[in-house]
Every structure is written in structure tokens, then in C-alpha cells.
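These protein sequence lines are chains E and Z, in that order.
For the first sequence, the numbering used here puts the final residue at 192, and the numbers step up evenly by one.
For the second sequence, the numbering used here puts the final residue at 143, and the numbers step up evenly by one.
Yeah, the Cβ is synthetic: ideal placement off N, Cα and C, and Gly gets one too.
All figures in this text were calculated on a predicted structure; none of them were measured in a lab.
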Amino acid sequence: ELKVEQNPLFLSMQEGKNYTIYCNYSTTSDRLYWYRQDPGKSLESLFVLLSNGAVKQEGRLMASLDTKARLSTLHITAAVHDLSATYFCAVDPKGNAGNMLTFGGGTRLMVKP
Amino acid sequence: KAGVTQTPRYLIKTRGQQVTLSCSPISGHRSVSWYQQTPGQGLQFLFEYFSETQRNKGNFPGRFSGRQFSNSRSEMNVSTLELGDSALYLCASSLAGTSGPTSTDTQYFGPGTRLTVL
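See the structure below:
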């Protein structure tokens with residue numbers, strides 16, 4: 080059974096600081112997703128990482144994938160309040176169409192001024 | 026392009042009743058997946074439909090069922106509701122045609138239906 084673990088579960092940071100969220104998964108997969116969820120809202124797609132060594136960046140967020148270590152990271156650079164949300168990583172166990180996702184428990188990020 | 030829509034947005038039912046939730050995918054998307062989100066269990070995959078066929082199924086009891094219509098719209102049904110079925114039910118759609126390991130096909134989520142079972 081595929082397990083996806085994120086840490087930390089909760090992160091409180093000051094604006095302007097950097098931090099990394101970690102996502103470990105237990106079985107082989109070459110496809111990993113990062114999503115963002117604001118309180119009371121649905122999930123917004125951030126990144127799709129498809130291969131070992133993949134790195135994607137959007138604004139202050141950068142995601143990377145190491146399939147050999149079964150690890151993905153979401154790095155936050157110079158955090159701002161607007162990044163406050165819950166971040167989920169998700170893995171497709173079939174490594175194919177990505178329609179049967181197993182999610183991590185989420186990291187609730189709070190950025191304080 | 027319109028996003029994924031779900032109806033109703035909120036629903037209150039009592040134990041033992043049944044409920045049907047509806048999802049309209051993004052135009053052109055043929056795959057629809059359903060997820061349950063609860064504070065205790067997090068986000069869990071229910072099932073996926075593609076071309077009117079259930080293609081993948083999660084680990085939920087048979088009380089949870091679904092179907093997909095020829096226009097890709099999907100419905101999810103929960104019979105004999107239990108208190109533990111209270112959750113946010115999210116629908117997601119994707120192209121999911123002949124995608125393979127290099128495809129960037131992504132699931133786009135709807136706003137969800139918040140179900141409360143009393």
C-alpha cells in the first residue's frame with residue numbers, strides 16, 4: 080500500500096524567511112504533484128513533477144523530485160503572507176495518468192508579518 | 026474555460042438516508058475522480074471514471090458508488106449514510122486520454138460538496 084508522508088504538518092514562519100516542506104512516499108512512482116488549499120476552498124494545482132531530478136519553480140515556490148530517494152521537496156523563498164495555506168503532495172501509484180492520487184497529510188503553512 | 030463544477034455545494038442529511046452528488050468536468054476532460062476529505066483521514070481517493078467506465082477504485086465500502094454519463098458528467102451516490110460520511114467530497118477532472126509517463130496531465134478540482142450527516 081502506497082504511503083505518502085509530509086513534514087512538518089504545521090509550519091509557522093516569519094515573512095521573508097525560507098523553509099522547506101518534505102514529502103516522502105513508499106513505492107516507486109515517477110509522478111508527483113503539489114497542490115495548495117486555502118481554508119474552505121478546493122485544491123489548486125501547483126506543480127507536476129515527472130522524472131528524477133525534476134525541478135519546477137513558480138514565484139517563491141520551487142519543487143523538486145528525487146525518485147531514487149522517493150522524496151520531493153517544496154521550498155519557499157522569502158515567504159509572504161499570501162503563501163499562507165495548506166500544501167499537499169500527492170503521488171500516483173500507477174505512474175501513469177495521475178487520476179488515482181494518494182495524498183500526504185498536508186502541511187499547514189502560516190506566514191506571519 | 027469553465028472549471029469543474031459540483032452541485033450541491035452544501036448538503037445536510039440524516040443517518041440512513043442516501044445522497045447523490047453531481048460533478049461536471051472541464052469541457053473536453055474525460056476522466057473524473059472523486060475524493061473524500063475529512064480532518065481525521067485527510068484526502069482519500071474514492072473512484073475514477075473514464076469513458077463511462079470505472080477505471081480505478083479506492084478502499085471504500087460498497088455504499089459508495091458512482092457513474093459517468095456520455096457527456097463525462099459524473100454522479101456519486103452514498104447509501105445508508107453514517108455519521109462518519111460527513112466530509113468534503115471533491116471531484117476532479119483531467120484529460121486522461123492516452124497519457125503516459127511524460128504527460129503533464131493534471132487533475133483540476135472542483136469546489137467540493139460539503140456533506141453533513143446528522
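So what's Leu90 of chain E in DSSP terms, helix, strand or just coil?
strand
Going by the beta-carbon positions, is the gap between Arg40 of chain Z and Leu106 of chain Z smaller than 8 Å?
yes
Using only alpha-carbon positions, find the residue among E:Met92, E:Lys96, E:Asp117, E:Glu94 that is nearest to Pro223 of chain Z.
Here chain Z covers residues 26 to 143 and nothing more, so residue 223 of chain Z does not appear.
Give every residue of the same chain whose Cβ lies closer than 7 Å to the Cβ of Thr131 of chain Z, excluding the five residues on either side of it in the sequence, and list them in chain order.
Ser119
Gly132 of chain E versus chain Z: which residues are under 7 Å apart at the beta carbon?
Correct list: empty, because the minimum Cβ distance to chain Z is about 14 Å.
3-residue-minimum beta strand (DSSP E) runs that sit fully inside the segment 88-151 of chain E, ordered along the chain
89-93, 98-104, 111-116, 122-128, 134-137, 140-145
By how many angstroms is the C-alpha of Tyr74 of chain Z removed from the C-alpha of Asn96 of chain Z?
12 Å
Taking C-beta pairs closer than 7 Å, name the residues in chain E that Phe134 of chain Z reaches, listed in chain order.
Ser121, Leu122
Near-chain C residues of the segment 53-65 of chain Z - C-beta to any C-beta below 8 Å:
Among the protein chains in the structure shown, which are E and Z, there is no chain C.
Cutoff 8 Å: Val127 of chain E Cβ touching any chain Z Cβ:
yes
With a threshold of 8 Å, are at least 3 pairs of Cβ atoms found where one atom belongs to the segment 180-192 of chain E and the other to the segment 137-150 of chain E?
no
Any Cβ of chain E within less than 8 Å of the Cβ of Phe70 of chain Z?
yes
Neighbour-count burial assignment, Tyr166 of chain E, 16 or more Cβ in a 10 Å radius:
Counting Cβ neighbours within 10 Å, Tyr166 of chain E comes out buried, since at least 16 surround it.
I'd like to know whether the C-beta atoms of Lys120 of chain E and Phe126 of chain E end up nearer to each other than 8 Å.
no
Minimum C-alpha distance to Ile100 of chain E - residue among E:Lys147, E:Ala164, E:Thr107
E:Ala164
What does a CB cutoff of less than 6 Å around Tyr112 of chain E pick up in its chain, not counting 5 residues either side in sequence?
Val127, Ala169
Alpha carbon to alpha carbon, how far is Ala117 of chain Z from Ser58 of chain Z?
About 5 Å.
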